[in-house]
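See structure below.
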Amino acid sequence: MSANQSNLGKILFLTGGHGEIGAAIAKKFQAKGWEVIAPTSNELDLVEPDAIVKYFQTWGGDVDAIIHCAGVNVPKPLERLDWGDLEKTMRINALGFAEILRHLAPSIKKKKSGYVLAISSIYGVISRALRLPYAMSKHALGGLVQTLAIELGPFNIKVNALAPGVIDTRLTTQNNSPEEIAELKAGIPLGRLGKPEDIANAAYFLCSEANGFITGQTIVADGGYIIGGFQK
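Residue numbers 5 to 236, in this note's numbering, belong to the letters of the sequence shown in order.
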């Protein structure tokens, strides 16, 4: 039996599946034989807790893995931030994921096997000016991952975060000037920006049978940037 055939019937629930990294993750899992459920932001509004509850009242399927790739990042200095900036970012990037897990965790607990993965960021490990709401939300994911790795470990559920570095996406171009991107690239020991496929490959490993003993971790995929390459 091929690896793809062994995955037939497995279901991935994926948020943010229509962004560049999310789409790459969906494509990777589908190529490996998984079914991917990837609601749009209109179908599953992470800003509104009641909308999340309503979504899962009408969709009650079983899952084998849950990946949270939805995220928002609006860079602003502290003085220009308001409560709405903080709340929206925390809801989409972290709180909505916790609410999703409240609804889906029982499904994978019954199976005594499964995977939970948060797509975080290097700014969930370090930080950068103008990234206060984003960094707060991504650091919160680290706490979620560690806590749920303990709670769900007895059910053979591996819970991790994957922290991409600078990935070549529209969001990166939107939030950084060409000069800033060139400076970031120069600080990456591998000498290039990451590709969405780089993150998809790592996500698949962490949510596949190849991962038998990694849980509660934040795995950084940044081409070596935060180990000090930027200090060259």
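Ideal placement from N, C-alpha and C gives every residue a C-beta, glycine not left out.
Expected contact under 8 Å - CB spacing of residue i and residue j to nearest Å
| i | j | result |
| --- | --- | --- |
| Leu-175 | Asn-77 | 7 Å |
| Ala-165 | Ser-212 | Not confirmed; about 16 Å, so no contact. |
| Pro-137 | Thr-93 | 4 Å |
| Cys-73 | Ile-29 | 6 Å |
| Gly-198 | Val-170 | 6 Å |
Rounded straight-line distance, which links the Cα of residue j to that of residue i
| i | j | result |
| --- | --- | --- |
| Thr-19 | Phe-101 | 9 Å |
| Gln-150 | Leu-121 | 11 Å |
| Gly-118 | Ile-71 | 11 Å |
| Gly-65 | Ile-112 | 11 Å |
| Leu-12 | Glu-39 | 8 Å |
| Ile-25 | Val-224 | 15 Å |
| Lys-265 | Gly-216 | With the chain covering 5 to 236 only, the question about residue 265 has no answer from this structure. |
| Tyr-59 | Pro-193 | 43 Å |
| Leu-90 | Arg-196 | 31 Å |
| Gly-232 | Arg-132 | 14 Å |
| Phe-33 | Ala-214 | 14 Å |
| Asn-8 | Lys-31 | 13 Å |
| Ala-35 | Lys-114 | 26 Å |
| Val-67 | Ile-161 | 12 Å |
| Gly-191 | Glu-184 | 11 Å |
Beta carbon of residue i nearer than 9 Å to that of residue j
| i | j | result |
| --- | --- | --- |
| Ser-141 | Gly-220 | no |
| Ala-69 | Leu-145 | no |
| Ile-2 | Tyr-229 | Because the chain here runs from 5 to 236, residue 2 falls outside it and cannot be looked at. |
| Pro-168 | Ile-203 | yes |
| Asp-172 | Pro-200 | yes |
| Ile-104 | Ile-154 | no |
| Ala-139 | Gly-147 | no |
| Pro-79 | Leu-134 | yes |
| Ala-109 | Leu-50 | no |
Residue span of the beta strand (DSSP E) that contains residue i, given as start and end
| i | result |
| --- | --- |
| Tyr-119 | 118–123 |
| Ala-69 | 69–72 |
| Thr-176 | Taken as a continuous stretch (DSSP letters only), Thr-176 belongs to no beta strand (DSSP E), being part of the alpha helix (DSSP H) at 174–179. |
| Glu-39 | 39–41 |
| Phe-17 | 15–19 |
Start and end residues, alpha helix (DSSP H) containing residue i
| i | result |
| --- | --- |
| Pro-53 | 53–62 |
| Pro-200 | 200–210 |
| Ile-192 | Neither: Ile-192 is in no alpha helix (DSSP H) and is coded neither H nor E. |
| Thr-219 | Looking at the DSSP string, Thr-219 is not in any alpha helix (DSSP H), and its letter there is neither H nor E. |
| Val-149 | 136–156 |
| Ala-102 | 100–115 |
Residue i at chain C interface by Cβ criterion, 9 Å
| i | result |
| --- | --- |
| Cys-73 | Of the protein chains in this structure there is only one, and it is not chain C. |
The region 9–23 contacting the region 38–52, beta-carbon criterion three pairs below 8 Å | The region 9–23 and the region 38–52 touch, with no fewer than 3 CB-CB distances between them shorter than 8 Å.
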